[in-house]
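S.K.:
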Amino acid sequence: MMKLLLLGVSATTIAVSLVCGFVGCGDDRNYPKGFLEEAAKEAPAAAATPKAAAPDEASTAAASAFGGNSNARRTPVERPTTDGLVTEPVVEVPEIVVEELAVELNLAAPAIVAVAAGEEPFQILARSSKFDEFRRKAGRYIQLRGELLPYGKLLAEGAATPSQRATHNRIEHAAELAFKPLNAYMWDERWTEADRAAMGWILYGSMQQAQTP
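Heads up: take any position in the sequence shown, counting from 1, add 56, and you land on my numbering.
1) Quick one: what's got a C-beta closer than 6 Å to Arg252's C-beta in the same chain, skipping five residues either side?
2) Nearest-angstrom Cα distance between Glu148 and Ala230?
3) To the nearest angstrom, how far is it from the Cα of Ala250 to the Cα of Trp257?
4) Thinking C-beta only, is Ile180 closer than 8 Å to Tyr207?
5) With a cut-off of 8 Å on the beta carbons, I'd call Gln220 and Leu204 a contact; round off their distance for me.
6) Any idea what DSSP makes of Leu314, helix, strand or coil?
7) So with Cβ pairs under 8 Å, would you call Glu232 a contact of chain B?
8) So is Ile198 buried or exposed if we call it buried at 16+ other beta carbons inside 10 Å?
9) DSSP three-state call for Ala254: helix, strand or coil?
10) Can you check whether the CB of Arg196 is closer than 8 Å to the CB of Ile168?
11) Contact defined as beta carbons within less than 8 Å: I believe Leu233 pairs with Pro150. What is the distance between those atoms, to the nearest angstrom?
12) Is Ala254 near Ala182, with beta carbons less than 8 Å apart?
13) Can you tell me where the alpha helix (DSSP H) holding Ser184 begins and where it ends?
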């Protein structure tokens, strides 16, 4: 009976406390003797028992990522392979191509080009010392063009063998590669049209002279 009375008092105490919290109560409350002590003993167990802490989800995820569960099935890591890779094409170096063919053909080191005779202003200018470097650079190109002559005749007559045709094509390709730096040199902005005409004569005048019987 006493316990039922105390339980009722505890509920009443809580209600009174809530009311006092809002309206204010003095210290001279008319509670029965021992009322507050018994009320404290009868506080709900849920209020005294702290809530269990939730597991640290971040720690759990990290442990899982580093293999915390050794029995868990792991997804195999896909490793990069070199299958199907496209290799870069080999870059053709003109100077190497030209010199390799010159070795195969047993060509001597090119000499400075001798300027063909002529009395036109550009032909006379071609003999100027300012074109010494160009005459030196043009040596291999003129040499290769000279090597084409016999193969060109065979092709014109229809008498060239497959091997001779292949050799002709290789020489012609090498001559084209040898001409590119000469062409760039001729079109440098420092030269005038008269200078370019003189260099053109250095290139083709000597070849015309070589083809003359």
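Don't be surprised by glycine CBs; every beta carbon is placed ideally from N, CA and C.
Fair warning: this is a prediction, and the values are worked out from it, not measured in the lab.
M.R.: Taking the definition as stated:
1) Along the sequence shown, one-based indexing puts residue 252 at 196. Non-local C-beta neighbours of Arg252 in its own chain, meaning closer than 6 Å and more than five positions away in sequence, comprise Met242, ordered along the chain.
2) Locating residue 148 in the sequence shown gives position 92, where the first residue counts as 1. Locating residue 230 in the sequence shown gives position 174, where the first residue counts as 1. Straight-line spacing of the CA atoms in Glu148 and Ala230 works out to 11 Å.
3) Taking the first residue of the sequence shown as position 1, residue 250 is located at position 194. Taking the first residue of the sequence shown as position 1, residue 257 is located at position 201. Using only the alpha carbons, I get a separation of about 11 Å.
4) By one-based count along the sequence shown, residue 207 stands at place 151. By one-based count along the sequence shown, residue 180 stands at place 124. No, these two residues do not count as a Cβ contact at 8 Å.
5) Locating residue 220 in the sequence shown gives position 164, where the first residue counts as 1. Locating residue 204 in the sequence shown gives position 148, where the first residue counts as 1. Not really, about 11 Å apart at Cβ, beyond 8 Å.
6) In the structure as shown, the chain starts at 57 and stops at 269, and residue 314 therefore has no counterpart that could be examined.
7) No chain B appears in this structure, which consists of one protein chain only.
8) Numbered from 1 along the sequence shown, position 142 holds the residue referred to as residue 198. Buried.
9) Along the sequence shown, read from residue 1 onward, the residue named residue 254 stands at position 198. Note: Ala254 maps to helix in three-state DSSP.
10) What you label residue 168 is simply residue 112 of the sequence shown in a count that begins at 1. What you label residue 196 is simply residue 140 of the sequence shown in a count that begins at 1. Taking 8 Å as the Cβ cut-off, Ile168 and Arg196 do not qualify as a contacting pair.
11) Taking the sequence shown and counting its residues from 1, one reaches residue 233 at position 177. Taking the sequence shown and counting its residues from 1, one reaches residue 150 at position 94. With 8 Å as the limit, Leu233 and Pro150 qualify as a contact, their Cβ atoms being about 4 Å apart.
12) Against the sequence shown, residue 254 aligns to sequence position 198. Against the sequence shown, residue 182 aligns to sequence position 126. Yes. Within cutoff.
13) Your numbering for residue 184 matches position 128 in the sequence shown. DSSP places Ser184 in no alpha helix (DSSP H); its state is neither H nor E.
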